[in-house]
Amino acid sequence: MKIFYAVQATGNGHISRATQLLPYLQQHGEVDVFLSGANATLPAQLPVRYSSKGMSLFYSACGGLNYKKMWRENSLFRATREARDLPLEQYDVILNDFDFITAKACKMKGLPSVQFGHQASFMSAQTPRPAQRSLMGELILKQYAPATHYVGLHFQQYDAFILPPVIKEEFLLADPLDNGHVTVYLPAYEQHCLEEHFHKHPSVHFHWFLKGIQQIERIGNITFFPVDQQLFNKSLIHCHGLITGGGFETPAEALYLGKRLLSIPIRGQYEQRCNAAALQQMGVMVLEDADTPHFHTDIANWLQKPQPVIAQQANNVAQTVEHVIALALQQQPMMVA
């Protein structure tokens with residue numbers, strides 16, 4: 303069996319999940335990966351056969367989307383041309399982790415596919431949304447990468463086709479400890495936006511994973527780390543708490559490890575606002591922004607707030623891959639609501 307696996311590379315979570323899934327997919331056949339996106343920072347240890355700049359998100363310096371760069375870097379004409387050229391007819395199974403080009407190619411060529419990943423969960427009306435919905439955000443979630451079948455991943459099973467998050471094997475086997483430090487991963491914020499707020503908590507040691515850092519360096523109560531998977535995993539397993547964005551994989555892993563979590567969704571990123579709404583329902587503290595004069599006070603309040611008890615389940619990856627492959631081989635489209 304030949305398997306085509308499209309992996310969105312606008313962030314690290316998709317690549318991380320694909321790395322966990324790959325050995326299980328390879329038990330079913332030969333896997334070729336299409337890496338689509340331009341701003342992930344993790345190296346892709348995957349069998350990448352095709353690659354593209356994709357249709358990527360880009361961030362401003364302090365917590366928002368960079369719309370000018372997104373307009374400049376993304377080309378619908380280029381994406382359509384690449385979709386036409388993708389040789390998807392050669393494959394028995396097409397899996398799509400929210401890639402526009404692959405979805406476009408399947409539509410053009412009349413091929414079935416499975417959208418598999420976190421974004422697929424938003425095909426359900428039961429999946430949490432913020433109080434103020436975005437019509438454009440909803441349109442993107444549902445029409446950006448349409449498929450014939452959907453298998454979603456989310457913190458909880460909000461619908462029948464939604465499964466628990468894929469947790470890295472290192473975390474499944476870990477013995478979590480609390481060494482007192484706070485791990486920070488906020489890829490939409492540059493150093494100058496937040497550094498003074500962390501320094502206002504001299505008794506708290508922060509492990510800050512930051513794009514552009516080349517080597518580990520400690521300045522006062524902050525240790526700066528390069529964005530490195532192994533270093534981050536170790537820090538998360540042994541931290542007191544995690545401050546991160548409104549993504550999915552990293553918060554899910556923190557919850558699985560029983561860590562205190564502070565989520566700050568990227569401004570203008572509707573999917574992250576939806577994730578934040580789900581986390582708030584679970585008792586997790588969420589901030590609308592970190593680029594404010596009182597962010598250091600928000601950190602203090604978070605550290606003093608009672609920690610909710612959340613039993614985050616982990617995905618049975620072997621069973622999930624079996625299910626996804628079986629769906630991919632079906633010709634009848636799936637109905638979702």
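With the numbering used here applied, the sequence shown covers 303 to 639.
C-beta: ideal position from N, C-alpha, C; glycine also.
(request) Pull up the distance between the alpha-carbon of residue 600 and that of residue 495, whole angstroms please. (result) 15 Å
(message) Is the beta carbon of residue 505 closer than 8 Å to that of residue 403?
(response) no
(request) Within the same chain, show all residues whose beta-carbon is closer than 6 Å to that of residue 538, passing over the 5 residues directly before and after it, in chain order. (result) 485
(message) One question on the structure: do residue 579 and residue 351 come within less than 8 Å of each other, judged by their Cβ atoms?
(response) no
(message) Going by the DSSP bridge assignment, what does residue 508 pair with across the sheet?
(response) 484, 524
(request) Tell me whether residue 463 sits in a helix, a strand or coil according to DSSP, three-state version. (result) coil
(message) Looking only at its chain, what residues have a beta carbon closer than 7 Å to the beta carbon of residue 384, apart from the 5 residues adjacent to it on each side?
(response) 354, 403
(request) Check whether the Cβ atoms of residue 512 and residue 500 lie closer than 8 Å to each other. (result) no
(message) Restricting to runs no shorter than 4 residues, where is the alpha helix (DSSP H) found entirely within the segment 538 to 596?
(response) 551 to 558, 572 to 583
(message) Below 8 Å on the Cβ atoms is my contact criterion, and I expect residue 567 with residue 585 to pass it. Report the Cβ-Cβ distance as a whole number of Å.
(response) Not confirmed; about 17 Å, so no contact.
(request) Ignore the nearest five residues each way along the sequence and tell me which others in residue 556's own chain have a CB closer than 6 Å to its CB. (result) 544, 563
(message) Taking the straight line between their C-alpha atoms, what separation do you get for residue 369 and residue 503?
(response) Note that residue 369 has pLDDT 49, beneath the 50 cutoff, so the model's placement of it is unreliable and the number below is only indicative. Whole-angstrom Cα-Cα distance: 34 Å.
(message) Contact between the segment 447 to 455 and the segment 415 to 432 is defined here as three or more beta-carbon pairs at a separation below 8 Å; is this criterion met?
(response) yes
(request) Kindly give me the distance between the Cβ atoms of residue 627 and residue 395, rounded to whole angstroms, as I take these residues to be in contact under 8 Å. (result) 6 Å
(request) With a floor of 4 residues, list each alpha helix (DSSP H) that falls wholly inside the segment 595 to 636, ordered by position along the chain. (result) 597 to 606, 619 to 630
(message) For residue 542 and residue 604, what's the separation of their Cα atoms in angstroms?
(response) 12 Å
(message) With the cut-off set at 8 Å, would you say residue 490 and residue 449 are in Cβ contact?
(response) no
(request) Could you work out which residue in 398, 397, 573, 412 is closest to residue 386 when comparing CA atoms only? (result) 412
(message) DSSP three-state label for residue 417, please.
(response) strand
(request) State the start and end residues of the unbroken alpha helix (DSSP H) segment that holds residue 306. (result) Careful: residue 306 lies outside any alpha helix (DSSP H), inside the beta strand (DSSP E) at 304 to 310.
(message) Pull the bridge partners of residue 471 from the DSSP assignment, please.
(response) For residue 471, which the question treats as bridged, DSSP gives no partner whatsoever.
(message) Suppose only complete runs of 3+ residues qualify. What are the beta strand (DSSP E) ranges in the segment 388 to 412, listed by chain order?
(response) 395 to 399
(request) Starting from the Cα of residue 263, find the closest Cα among 524, 522, 507, 528 and give me that residue. (result) As shown, the chain starts at 303 and ends at 639. That puts residue 263 outside it, with no answer to give.
(message) Using only the alpha-carbon positions, how far apart do residue 476 and residue 589 sit?
(response) 29 Å
(message) Suppose you measure from the CA of residue 510 to the CA of residue 393; what does that come to, to the nearest Å?
(response) 42 Å
(message) On the DSSP bridge list, what partners appear for residue 353?
(response) 337
(request) Classify residue 331 as buried or exposed, calling it buried when 16 or more other Cβ atoms lie within 10 Å of its own Cβ. (result) exposed
(request) Can you say whether residue 316 is buried or exposed, counting buried as having 16 or more other CB atoms within 10 angstroms of its CB? (result) buried
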